[in-house]
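Numbers in the working numbering are just positions in the sequence shown, counted from 1, shifted up by 12. The beta carbon of each residue, even a glycine, is placed where N, CA and C say it ideally should be. Computed from a prediction, not measured in an experiment: that's the story for all the values here. What follows is a short report on a single structure.
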Amino acid sequence: MAVVAFVLLMLLSSVATAWTDYLWFSSVDATSVWVTTLLSRILLGLAGFAVAALVIWINLEVVSRCKIDPVMDGGPDDEVIRRFRQWVLSRRIRAHLAGATILGLLLGVSVASWWRDVLVWLNEVQFDKTDPIFGINVSFYVFDLPVYRLIVGWSIQLVVATGLVSLAYHYLTGGIQRLPNRFPLVSRGVKSHLSVLLAALALLKAVAYRLDAYELLYSTRGAIFGASYTDVNAHRPALTLLMAISILGATLLLWNMRQAGWLLPAVAGGLWLIVSVVVGGVIPAAIERFRVQPNQFNLERPYIEHHIEYTLDAYGMGTGQVETRDFAASPDLTDEDIAGNQATISNVKLWDPGVLVSAYSQLQAIRPYYQISNVDTDRYEINGELTQVMVAARELDSEDLPAEGWVNEKLVYTHGFGEVISRANDVNPTTGEPAFLVRDVPPRSIVPELQTIQPRIYFGEEAETGSYVITRTNQQEVDFPSGEDDTVVRNTYEGEGGVQLSNFGVRLAMALRFGDLNTLISPELTPESRVLMVRNVVDRLARVAPFMQADNDPYLALIDGRLVWIVDLYATTSRYPYSAPVIDARLGITSDLSRDFNYIRNSVKAVVDAEDGSMTLYVLEPTDPLTQAYRNVFPEVFTDASEMSEELRSHLRYPEDMFRVQSEMYATYHQLAPQDFFQDEDKWQVPGEPGTSDRELLRGDAFDQAGRVRKDLRRSLPYYLLMRLPDEEDLSYLILQSFNPASRDNMTAFLVAKSGPEEYGKIIDYRLPRGELINGLEQVSARIDQDPVISQQFTLLGQQGSEIIRGNILVVPVEESLLFIQPIYLRGEGVLLPEFKRVVVVFGEQTPPIMSETLDAALAEIFGSAPVVDRSGVDTPSEDAVTQPSDGTVDLQATVLLIDRLLAEADAALRSGDLGEYQTKVDEATRLTGRLVGLLEG
C-alpha cells in the first residue's frame with residue numbers, strides 16, 4: 013500500500029510540475045515554447061517506440077513461424093526449452109505484444125531526446141557558404157548530418173538488439189540446437205531470418221560509411237582541423253570502398269538465403285575486415301608517413317587555406333569583418349596630446365571589478381540580507397558627457413535573513429533593492445573609496461540622469477535555481493530599512509510577473525511542485541497572490557530560448573528609470589566544417605557556453621525586467637542561419653532589433669565572453685598566409701596578468717595544493733574603455749585585448765571591438781611596428797617592480813600588515829602612443845574594505861614609471877602639464893593661513909594647496925632617499941587633511 017501511495021504521489025507531482033510549467037510559460041507569453049517542446053518530445057518518443065516495437069514484434073512473429081526441427085533428447089537445457097516453447101507458443105500473441113512493448117519502450121524513449129536537433133532540422137536555413145571538398149551547403153553539416161547520424165546510429169542499435177533477441181528466441185524455441193562436439197544446428201528458416209537482419213545491418217553500415225566521409229571535414233588526423241591531404245586522398249576512397257563492400261555483403265547475405273552454409277557471408281565479412289585494416293588504416297598511415305611528411309606544406313597548403321578561412325568565418329572574423337590598422341606606438345606623446353584626449357583620460361577605469369565588489373559590499377550592502385556579488389562596466393550620459401561607470405545590483409541574500417521560517421523566507425523577504433553606481437575613474441580623495449553617483453536605499457542619485465523610479469529587484473543573476481517567493485499576500489514585504497530605529501518600509505508587489513494562485517487547484521499544484529504544504533494551507537495567501545519562480549535571469553532565458561546559450565555576465569542597466577538585466581545570447585554549433593574547436597581557457601567556470609563549439613554568433617540581446625521578470629529577445633543578427641532556424645521554431649519568442657529603444661541601444665556592449673573567444677582564436681588565425689600559419693611564424697599569445705586583484709574563476713586557471721588560484725599563472729582578460737581611437741573624432745565604447753608574440757613578453761598588437769549604436773560589432777586589429785620592442789604587460793610590471801622609488805613606497809604602504817593589491821594593468825592608446833596604467837589599492841590587516849591609494853603610469857622607455865595619488869598628477873609629472881589644482885593668482889599658503897582662517901572660502905583653497913605642496917615635497921624626499929623627511933611631510937599633510945575635514949563639516 014505504501015508503495016502504491018508513493019507511486020501515486022510521484023505521478024501527481026509530475027503532473028503538477030508539468031501543469032505549473034505551463035502556467036509559468038503562459039505568464040511570460042511563451043506558451044508556444046512549452047507546447048512545441050512537449051509535443052516534439054512526445055511525438056518523437058512515440059515514433060521511436062512505434063518503430064522499435066513494430067520491428068521487434070515482426071521479428072518475434074517471424075521466429076515463431078520458422079519451421080522448428082524436433083528437439084533432440086538431451087540434458088536439462090532441453091527440458092527448459094520444451095517448457096518455454098510450450099508456454100510461449102500457447103500465449104504467442106500476448107507474449108509477443110508484451111515483449112515488443114517493453115523492448116520498444118527501452119529503445120524508443122531515447123528518441124525523445126532528439127527534439128532539439130529535429131526541430132532545427134525541420135526549420136533549417138541555408139548558409140551562404142559551401143564546403144570546399146564535397147561542394148555541399150554548410151547547412152547540411154550543421155542541421156542535416158547530426159540528425160542522419162542519430163537515425164543511423166539508433167537504427168543500428170535497433171537491428172543489433174532485434175538480432176540478439178531473435179537469436180535467443182530461436183534457441184529457446186528450438187530453431188537453433190546445440191549438438192555434442194559439433195557446430196549448432198540451424199534450421200533453414202532461422203538462417204534466412206538472421207541473413208535478412210545481417211543484411212540490414214550491412215546496409216546501415218554502408219550508410220554510416222557514407223556519413224563518415226562527410227565527417228572527414230572534422231578530422232583531427234592532419235596538420236589542421238578538418239580534411240587533410242591524407243583524409244581526402246586515402247581515407248575518403250577507403251570509406252567509399254568499405255561502403256561498396258558493405259552493400260556487396262548485404263547482397264551476398266540475401267543471396268545466401270537460398271544457399272547452403274555460410275561461405276558467401278564469411279567471404280564478405282573477411283573481405284570487409286581486410287579492407288578495413290589495410291585500406292582504412294595501413295595505406296593512409298603509409299601515405300601520411302612517406303608521401304605527406306616529406307612534403308607536408310606543399311601538399312597540405314589548400315587544406316590549410318580552407319581551415320583558416322572557415323575558422324575565421326565561424327568565429328565572426330572572416331573576410332571584411334576585421335579591419336587592420338598600423339599603430340606607431342610613438343614615444344612622442346605630449347601634454348597637448350593628453351589635453352586633447354581628456355575624455356579618454358577622464359574615463360580610464362581605476363577600479364578593478366574584483367576590488368570594487370568588496371568596497372561596494374562593505375559600503376553599500378546596507379543590511380546582511382542584501383548582497384552585492386558582481387560589478388559591471390557601462391556608460392551613461394552625465395551632465396552632457398558620456399561617462400564610464402561601474403554598476404552593481406543590491407540583490408536579496410536569502411541565506412542571511414534576520415529570521416528563519418516559511419513566512420519570512422517566502423512572503424516577507426522577497427526582493428533586493430536598488431543599484432549602486434560610481435564613476436569608473438573617480439575616487440573619494442579623503443577616504444580612497446568609490447565616488448558614488450547612486451548609493452543607499454532607497455537609491456539616491458547626485459545627478460538627474462540616474463534617477464530610479466522602480467528599484468525593486470525580484471529577478472537577478474544571484475537568485476538560486478529552483479527558489480521562489482510569493483507576493484501580494486496578507487503579509488507586506490520588507491522593502492528597505494529606514495531611519496535610525498531599525499524600522500523598515502514595507503511594500504506590496506505591484507508587478508505583473510509570476511503565476512497567480514487564483515484557485516485551489518493552482519495552490520495544490522504549486523504545493524506538489526515545491527513539496528511545500530504551506531503553499532496549500534497558509535491563510536496568508538489570497539487568490540491575488542502570485543508565485544515568482546525561475547527568478548535567475550539566465551535560467552529564465554534558458555527556458556524560453558532553449559537552443560541558445562547565455563553570456564557569463566548579465567549586467568544591470570537603468571532604462572527609463574527601471575532596472576533591467578541585459579543578457580547576451582549566443583547561437584553556437586560544433587558542426588561547422590573545417591572550423592577549429594574553441595579554446596575556452598579564459599571563459600568563466602560558470603559560463604553557459606559549451607566546451608566544444610566551433611561556431612558562434614552573439615545574435616540576440618535579451619532584456620529581463622528586474623521587477624516583473626518580463627523578457628524581450630532582440631535579434632541583432634537576423635541573417636545568421638542558426639538564429640533564423642531558432643526563430644522559425646519559436647517565432648513568438650523573438651523581436652526585431654528595430655523595436656529596441658534608443659536608450660536601451662545606447663547600453664549594449666560587445667559581449668566579453670564573445671570577445672574572449674574571438675581574441676583567443678585570433679591569436680593564431682590572424683596569420684592569413686598558409687606558410688606563416690603552418691610554421692607559426694607570427695603566432696601571438698594573450699599576455700599574463702601581473703595584477704593581484706581577485707577576479708572570476710576561469711576554466712584554464714591553475715591552482716596550488718591548497719586549492720587557491722595561482723595568480724602568477726593567470727592570463728589577462730579584455731576590458732572596456734571609453735576613448736577616442738587614433739584618427740577618429742568621436743568617443744567609442746569598446747573592449748580591448750593586447751597580444752604578445754608567442755613565448756615573448758613584448759607587445760605586438762591589440763584588438764578592439766566597438767559597442768556604439770552606429771558601429772556595433774566593428775573589430776579593429778592594431779599592429780605595432782614589428783621591428784621595434786614595445787613593452788608588454790609583464791615587462792611593464794617588471795619595470796614597476798624594479799623602480800626604487802615605487803619599491804620604497806610599496807614598502808611604506810605595506811607596513812603594519814596592510815595588503816597591497818595591484819590592479820590590472822590597462823593598455824590605453826592615446827593618439828599613436830600607449831599608456832600603461834595600474835591602480836594600487838590598500839587593505840588593512842583584518843579589514844575587508846579596500847581603498848584606492850595610488851596609480852602607476854608607465855610611458856615609453858626613457859621615462860621612469862610614476863606612482864602618484866591621482867592619475868592627473870602622474871600624467872602631469874610625466875608630460876610636464878599643468879597641475880590639477882589651479883594655482884593661478886594664488887600663492888602657496890603658509891600654515892598660518894590655514895590655522896587662522898579669515899573667511900572660510902579662501903581658507904579651504906589654501907588648505908588644499910598646502911596639502912598638495914606637502915605631498916609633492918614628500919614625493920621628492922622619497923625619490924632622494926630621505927625617508928625621515930618623507931614621513932614628516934606625509935604626517936603634516938595627514939594632519940592638515942583632518943583640519944580640512946573639520947572646515948568642511950563646520
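- Message: Comparing C-alpha positions only, which one of Q305, L743, N548 and Y582 sits nearest to Q561?
- Response: Y582
- Item | Counterpart residues of V826 in DSSP-defined beta bridges | S829
- Message: For L524, which residues in the same chain have their Cβ closer than 7 Å to its Cβ, ignoring the five residues on either side in sequence?
- Response: L24, S25 and A28
- Message: Using 8 Å as the threshold, is the C-beta distance between P699 and S728 below it?
- Response: yes
- Query: What are the partner residues of S494, as DSSP defines its beta bridges?
  - Reply: T499
- Message: Please classify G332 as buried or exposed, where buried requires at least 16 neighbouring CB atoms within 10 angstroms.
- Response: exposed
- Query: Where does L134 sit, in a helix, a strand or coil, going by DSSP?
  - Reply: helix
- Message: I'd like to confirm the pairing. Which residues does DSSP put opposite G116 in its beta bridges?
- Response: Partner(s): none; G116 has no beta bridge.
- Where are the beta strand (DSSP E) runs, 3 residues long or more, that stay fully inside the region 355-434, in chain order? 388-394 and 397-405
- Query: Quick one: what does DSSP say F609 is sitting in, helix, strand or coil?
  - Reply: coil
- How many angstroms separate the CA atom of L216 from the CA atom of R53? 25 Å
- Query: If you draw a straight line from the alpha carbon of W577 to that of T639, how long is it in whole angstroms?
  - Reply: 21 Å
- Do you know offhand how far G773's Cα is from Y745's? 11 Å
- Please name the residue in L72, W127, G120 and V130 whose C-alpha comes closest to that of R104. L72
- Query: Can you tell me whether DSSP reads L748 as helix, strand or coil?
  - Reply: strand
- Kindly list the residues whose CB is nearer than 7 Å to the CB of A754, restricted to its own chain and excluding five residues on each side of it in sequence; keep chain order. D692, K695, W696 and Q697
- Message: In the DSSP output, what is K766 paired with across the bridge?
- Response: L746
- Complete runs of the beta strand (DSSP E) confined to the region 669-753 [at least 3 residues]: 731-735 and 744-753
- Query: What distance in whole Å lies between the Cβ atoms of W69 and A112, which are believed to be in contact at a cut-off of 8 Å?
  - Reply: 4 Å
- Per DSSP, what kind of secondary structure is N548 in: helix, strand or coil? strand
- Message: Suppose you measure from the CA of Y837 to the CA of D669; what does that come to, to the nearest Å?
- Response: 27 Å
- Message: Taking the straight line between their C-alpha atoms, what separation do you get for F559 and F139?
- Response: 18 Å
- Message: Contact criterion: CB-CB distance below 8 Å. Does L118 meet it with respect to chain B?
- Response: Absent from the structure is chain B; it holds one protein chain and no more.
- Run through DSSP, which three-state label would V40 get? coil
- Query: If you run the structure through DSSP and keep just helix, strand and coil, what is T651?
  - Reply: strand
- Alpha carbon of T485 to alpha carbon of E431, nearest angstrom: 26 Å
- Query: Between W31 and G712, what straight-line distance do the alpha-carbon atoms span, to the nearest angstrom?
  - Reply: 42 Å
- Message: Buried or exposed, going by whether 16 or more other CB atoms sit within 10 Å of the CB of S767?
- Response: buried
- Message: Using CA atoms only, rank isn't needed, just tell me which of G527, F471, Q512 and T932 is closest to L537.
- Response: Q512
- Message: Going by DSSP, what residue range makes up the alpha helix (DSSP H) through F309?
- Response: Q308 to A326
- Query: With distances taken from CA atoms, which of F848, L844 and E676 is nearest M329?
  - Reply: E676
- Contact check, I114 vs Y681, beta carbons under 8 Å: no
- Query: Helix, strand or coil: how does DSSP classify Y181 here?
  - Reply: helix
- Item | Three-pair Cβ contact test at 8 Å for the region 196-205 versus the region 226-240 | no
- Query: Taking C-alpha atoms, which residue in G352, P446 and I433 lies nearest to L362?
  - Reply: P446
- Query: Do the CB positions of L413 and S434 come within less than 8 Å of each other?
  - Reply: no
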